[in-house]
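Residue numbering for the sequence shown follows numbering that gives the first Met the number 0, starting at 0 and increasing by one per position.
Glycine is no exception: its CB is placed at the ideal position from the N, C-alpha and C atoms.
Here's the structure, in structure tokens; my notes come after.
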Amino acid sequence: MKADRVVVGLGGGIKHAVLGSNKLFNEGGSMKDLFPGHFKESEGHLREVWDTSLFVFDANILLNLYRYSDTTRSEFLRILEKIKNRAWLPHRAAEEYFNNRLSVIDQQEKSYDDTTKSINSLRSDLENARQHPFVSSGTMDKVSRVFEELCEELKNNKSVHTARISNDEIKDALASIFENRVGSPFEKDRLEELILEGEERYKQKIPPGFKDGSKSGDSEVFAEKCRKYGDLIVWSQVIDKAIESGKGVVLVTDDKKEDWWEKFKGKTVGPRPELVKEFKDRANNTFHMYQADRFLELARENLDEQVSDEVVEEIREVKRRDKLAHKRMREMEYLKRRKMEMSRLFEELERSKHIMMTYEEERHMLQQRLHELESVRNDMRHHKEHLLRDDIDNPEYEYIMKRYAALSDEYAQVKHGLENSSMKQQDMQMKMMELEKEVSNRMKIIEQENLAYS
């Protein structure tokens, strides 16, 4: 039997196979070539990567400079200055930096305010001599002087951040480093293509960016539609730059989401293998990715730069604080959703009680009317029987018969309405029982979660 040659596309790569005699023969290819994202570079090759690759920076790296101390920020900017001839900034990353710069400055201002409030609260507690904890007046005088110095220094440092709103030396330093090293924006047609591509990629959980799939993209404003696909736009601009320059890329990002990093048991293993593979298939070159602290450690090893352990540790501490803040934000969002769910259930339960009361009032009115009709019908029945016993033509008889028929019709309608109202009331009682059961279950779940969290 003659063999047929087919081409099968997998994840952007292509492999050739020969089908024949019910057997599948793969043409040659090493595991490292087929699965590059699962293998680490040798130290010698890694040094070559650092000597030849482009250094590409994400917006979060630039924004985090506002969160560092003066010493750490100076060290980081010094390293960027050293490699600026091979540094490059995707246009989307620059755009996100400018869109978020003022918000980050505002966050830092608030952190100073929060710290000052905490100091004043502690001072207020210590100054209350009538309750524990007790502090002697002598010690309190010393502590108060320290508190005043702290608050004054925090006030001065806050003013430095406030001044950056209009006179930002960090922005100026970055503008100098990335002079003529920022990518061009994508045309609207290209962005529309990426949005369509992104919809399919996110459905298939193809990195990067699918973790942003929950962001709304329904806005009529085109810039808002692009927000959902920001990571994919950055990624596409990075690959285009690599193809244009013919160089490998070292991407430095503090994005922690699983659509950039492969994680196992809470530990970051490295960049997603799919990213390394797609980069190799499309740009035919190497791709490496690091967070800020690891970037500085490797800069020390491969660029022969002096980077202190204290600087690296401070950057890690900022990452830990960000992680904790992100965790708290997710917890707050979760609690908000829980609160909204419980509020909805209580509102529905209250609404059901109101409907139950309406049905109860309706049933009471119908029952009362039914009794009235029954009484009138009985009186008319007795009167009709009396007229029949007299065995005489009575002009009142025909009127009574019509009236009796009309009352009987109304009686039947009221009885039917009463039965219908009773059925609705029973259905509503069942619904209320289900709602009360759901409320009880939700309360138990919340209580268990609170215990687990504690």
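Pro-184 is positioned such that its CB atom lies no closer than 7 Å to that of Asp-258. For Val-134, there is no enclosing alpha helix (DSSP H), as DSSP marks it with neither H nor E. With contact defined as three or more Cβ pairs closer than 8 Å, the region 224-238 and the region 85-93 are in contact.
Boundaries of the alpha helix (DSSP H) around His-90: 90-126. Exclusion of the five residues before and after Lys-279 leaves Pro-35 as the residues of its chain whose Cβ lies within less than 6 Å of its Cβ. Counting every other CB atom within 10 Å of its CB across the protein chains shown gives Tyr-398 a total below 16, marking it as exposed. Scanning the region 300-355 from its first residue to its last, no whole beta strand (DSSP E) run of 3-plus residues comes out.
In the three-state reduction of the DSSP assignment, Gly-416 falls in the helix class. Only residues of its own chain outside the window of five on either side were considered, and among them Trp-260 have a CB closer than 7 Å to the CB of Thr-267, listed in chain order. In the DSSP assignment, the residues bridged to Trp-260 are Pro-270. In the structure shown, the three-state DSSP call for Val-220 is coil. Counting the other Cβ atoms within 10 Å of the Cβ of Asp-292 gives 16 or more, which makes it buried.
Going by C-alpha positions, Lys-240 is about 57 Å away from Arg-144.
As a beta-bridge residue in DSSP terms, Leu-250 pairs with Val-55, Met-288. Three or more beta-carbon pairs separated by less than 8 Å are not found between the region 330-338 and the region 65-82, which leaves the two stretches without contact.
The region 366-384 and the region 421-437 do not touch, with fewer than three beta-carbon pairs separated by less than 8 Å. Bounds of the alpha helix (DSSP H) holding Leu-190 are 187-202. By the neighbour-count criterion, in which 16 or more other beta carbons inside 10 Å mark a residue as buried, Lys-338 falls on the exposed side. Residue pairing of Ala-86 in beta bridges, as defined by DSSP: Phe-54.
Straight-line spacing of the CA atoms in Met-139 and Leu-173 works out to 46 Å. Per DSSP, the continuous alpha helix (DSSP H) segment holding Lys-240 begins and ends at 229-244. With fewer than 16 other CB atoms across the displayed protein chains lying within 10 angstroms of its CB, Glu-147 is exposed. For Glu-168, the uninterrupted alpha helix (DSSP H) run begins and ends at 168-176, by DSSP. Between Asp-211 and Asn-63, the CB-CB gap reaches or exceeds 7 Å.
Following the DSSP letters along the chain, one finds Leu-64 in no alpha helix (DSSP H), marked with neither H nor E. Straight-line spacing of the CA atoms in Ser-244 and Val-317 works out to 34 Å.
Among the bridge pairs identified by DSSP, Val-181 is matched with Leu-88. DSSP places Asn-377 in the helix class (H, G or I) of the three-state scheme. By the Cβ test, the region 363-381 is in contact with the region 399-412, since at least three Cβ pairs between them sit closer than 8 Å.
Residue burial annotation: Arg-100 is buried, with at least 16 other C-beta atoms found within 10 angstroms of its C-beta.
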